[in-house]
Amino acid sequence: MARHLITSAIPYINGVKHLGNLVGSQLPADLFARYQRARGHEVLFLCATDEHGTPAELAAAKAGKPVAEYCAEMHAVQARLAEGFRLSFDHFGRSSSPQNHALTQHFAGRLAEAGLIQEVVEQQVYSIRDGRFLPDRYIEGTCPNCGYDKARGDQCENCTKQLDPTDLIDPRSAISGATELEVRDTKHLYLRQSALKDQLDAWIDSKADWPVLTTSIAKKWLHDGEGLRDRGITRDLDWGIPVRKGDADWPGMEGKVFYVWFDAPIEYIACAGEWAEAQGLDAAAWERWWRTDKGADDVRYTQFMGKDNVPFHTLSFPTTLIGSGEPWKMVDHLKSFNYLNYDGGQFSTSQGRGIFMDQALELLPADYWRWWLLSHAPEKSDSEFTWENFQSAVNKDLADVLGNFISRITKFCRSKFGEAVPAGGQYGAAEAATIAEVEERVARYAELMDTMEVRKSAQELRAIWVCGNEYLQAVAPWSTFKTEPQQAAAQTRLGLNLAHLFAVLSAPFLPDASRTILQSLKIDTAAWPDDPSEFLSRLEAGHAFDVPDVLFAKVSDDDCAAWKAQFSGRRAD
RNA sequence: GGCGUUAUAGCUCAGUUGGUUAGAGCGAACGACUCAUAAUCGUUAGGUCGGUGGUUCAAGUCCACCUAACGCCA
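So, in structure tokens, the structure goes:
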């Protein structure tokens, strides 16, 4: 039995995530976790909300709530939606947890001891009325280049010119509109990533089996221009993890917090601590997943994320772990995804464009979305959601191929033999041929799932379902029954066994449908078919079953048109 | 401006280290079947593999340049 540590990039706390966010990390991570569990391996699957930073503060202010209260509420909302999509996290944590506070401060202390932290005094705009420093993009003013009056301190989005806040004419706070701004000195900490450049480079080079997308992004950051740059890891904010050196104060850094990108990946580890606490386990329980000196030697660690997160996971977070000088478990495989587009443009949280997780579940159950999203996962390049494509995939793959197979075999059996696996006859040449093909395909399916080839796995799974329809069509038990009922019984028996097989194989993609089929077949274990040939004889004569309700309803043209219209504009908050 | 990714049948995509007539699903046409959610199964049609040039006995598959889309960085 292998041990799999699996993490999904942690979604930002600010609002409900859209389907593009979902398919880029949480959903494929869940597919992999469910598959590895089904194969009998020990799995710890973790995710959390990323809660710190200015956007969270502003969203809380807009909602008229204290930021801690806002985050707690939004965490509950995201947790509920994750459950709705059947994301099987062992723990859904929070980057604001006490565990993450302690661990983040611990890492900062270790890095400082190792000489990997540099203190830098820089100048930043301070808003007197707001009583706070303003990040560049929260300063607005008139662009000196084009005259656009809502240019931001980092860039003018009208003429795209890069700006410094001090370039702006009539600068004002984007938060309050206040114009009483001044430039003040402020001290910040920088993580000296550049000091570990060669080590990181060699480490990335050793990962020959990572997706090109992952390594090419990491390589670009390592070698582009002047090479890997040091990054600021602190901010002048109230909401966040206070800057401390382990348990000790950090002179000169009072009132400052760590920058969100520094503490967010550390939450992967802290989350294991939260999990242990929630399970009533001791520290050793989570350390055996994360410390190679405490049992994590045989752990295989896989991370899932969208391409925008790759630099932090290939460079910054590894710098934190390596730089600590402690034996932390490093990632073994990093599966990254491109973006999912929506009907000719990008999904956008800020513009409310596309379909969001809560809206999706109001329209259809999780399995429908899981199937489309995973079978169209943007692995090789960006991919695109269209309603027509979605409708076709749901109707053909789920309703016609899988759903109808379950329906036709159970109903045929009920009408000819009753609601129990029929006795009589035996498997012959046609059965052997089908079993042989299924055996081959199951092996390929497992191989694709092992290597996280998401789209190809979906294709192979569908091909396995088709084997069921092909078989029934070829042997035609409805005809056989008229002349050789014994043989028809054997054919029906294999058909029902195929239904059992499909349920087990489909569980990682379609957990609800899988359960429904197993319940109808009155099977309470879901062991993996290590030997499909043996597996297809498990349902023996006399085993009772129920005919299930329709597994997947079709999406009508009217539904499709209505939804397309409903989602053509912006999401109303 | 620099870098990266992508460009294959009407649509969504596969195409290993270059090697016989470029594949799948959907859609289309035709046929078979009638157990089933008017479902299923089969057959056929459809592509000068973005463009130009090059390397090679041989290129969708390597090289150069060009074009387009998207992204990242500055």
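Under this note's numbering, think of the first position of the first sequence as 18, with each following residue one higher. A virtual CB, placed ideally from N, CA and C, is assigned to each residue, including glycine.
- Nearest Cα to Ser-333 within the set Ala-313, Leu-380 and Trp-278: Trp-278.
- Contact fails between the stretch 523-535 and the stretch 506-515, because fewer than three Cβ pairs, one in each stretch, are under 8 Å apart.
- No residue range can be given for Asp-147, since it is assigned to no beta strand (DSSP E) and is classified by DSSP as neither H nor E.
- Beyond the five residues adjoining it in sequence on each side, Leu-522 comes within less than 8 Å, by CB distance, of Val-459, Tyr-462, Leu-478, Ile-481 and Pro-546 in the same chain, given in chain order.
- Nearest neighbour of Asn-355 by Cα position, chosen from Ala-507, Gly-323 and Ser-432, turns out to be Gly-323.
- Cys-64 is bridged by DSSP to Phe-109.
- In the three-state reduction of the DSSP assignment, Asp-264 falls in the coil class.
- With 16 or more other Cβ atoms from the protein chains shown falling within 10 Å of its own Cβ, Leu-245 counts as buried.
- For Thr-319, the enclosing beta strand (DSSP E) starts and ends at 316-323.
- When DSSP reads this structure, Ala-561 sits in a beta bridge with Ala-437.
- Apart from sequence neighbours up to five positions away, the residues of its chain that approach Gln-141 with a beta-carbon distance below 6 Å are Phe-150 and Thr-203, ordered along the chain.
- Counting the other Cβ atoms within 10 Å of the Cβ of Ala-93 gives fewer than 16, which makes it exposed.
- The beta carbon of Ala-76 lies closer than 6 Å to those of Asn-31 in the same chain, with the five residues before and after it left out.
- Counting along the chain, Tyr-207 sits inside no alpha helix (DSSP H); it lies in the beta strand (DSSP E) bounded by residues 198-208.
- In this structure, Val-564 lies near Arg-431, with their beta-carbon atoms less than 7 Å apart.
- The residue from Ala-73, Arg-472, Leu-98 and Ser-398 with its alpha-carbon nearest to that of Glu-86 is Ala-73.
- Sequence-distant Cβ neighbours of Asn-358 in its own chain, meaning closer than 8 Å and more than five residues away, are Gly-37, Phe-364, Asp-399, Ser-400, Glu-401 and Phe-402.
- The beta-carbon distance between Asp-47 and Ser-114, rounded to whole angstroms, is 22 Å. This is too long to meet the 8 Å contact definition.
- Close CB contacts of Lys-34 within its chain, under the 6 Å cut and outside five residues either way in sequence, are with Pro-28 and Met-374 (chain order).
- For the pair Phe-102 and Leu-208, the Cα-to-Cα distance works out to about 37 Å.
- Residues Arg-308, Thr-309 and Asp-310 of the same chain have their beta carbon placed closer than 7 Å to that of Pro-344, with the five preceding and five following residues left out of the count.
- In the DSSP assignment, Leu-535 falls within the alpha helix (DSSP H) that extends over 528-537.
- Taken through DSSP and simplified to helix, strand or coil, Tyr-143 comes out as strand.
- Contact between Phe-552 and Ala-506 does not hold, since the beta-carbon distance rounds to 19 Å and is not under 8 Å.
- The closest CA to that of Ile-339, considering only Glu-379, Arg-127 and Gly-559, is found on Arg-127.
- By the C-beta criterion, the stretch 413-423 is judged not to be in contact with the stretch 437-457, since fewer than 3 inter-stretch pairs fall below 8 Å.
- According to the DSSP assignment, Ile-258 belongs to no alpha helix (DSSP H), since it is labelled neither H nor E.
- The Cβ neighbour count for Leu-217, taken over all protein chains shown within 10 Å, is at least 16; the residue is labelled buried.
- Within the model, the alpha-carbon separation for Ala-55 versus Ala-543 is close to 8 Å.
- In the three-state scheme derived from DSSP, where H, G and I count as helix and E and B as strand, Ala-295 is classed as helix.
- The Cβ neighbour count for Val-60, taken over all protein chains shown within 10 Å, is at least 16; the residue is labelled buried.
- It is roughly 12 Å from the alpha-carbon of Pro-494 to the alpha-carbon of Lys-428.
- Rounded to the nearest angstrom, the gap between the Cα atoms of Glu-271 and Leu-254 is 11 Å.
- Between Asp-153 and the set Arg-387, Gln-43, Met-466 and Pro-188, the nearest pair of CA atoms involves Pro-188.
- Contact between Ala-195 and Leu-180 is absent: CB atoms are separated by about 19 Å, not below the 8 Å threshold.
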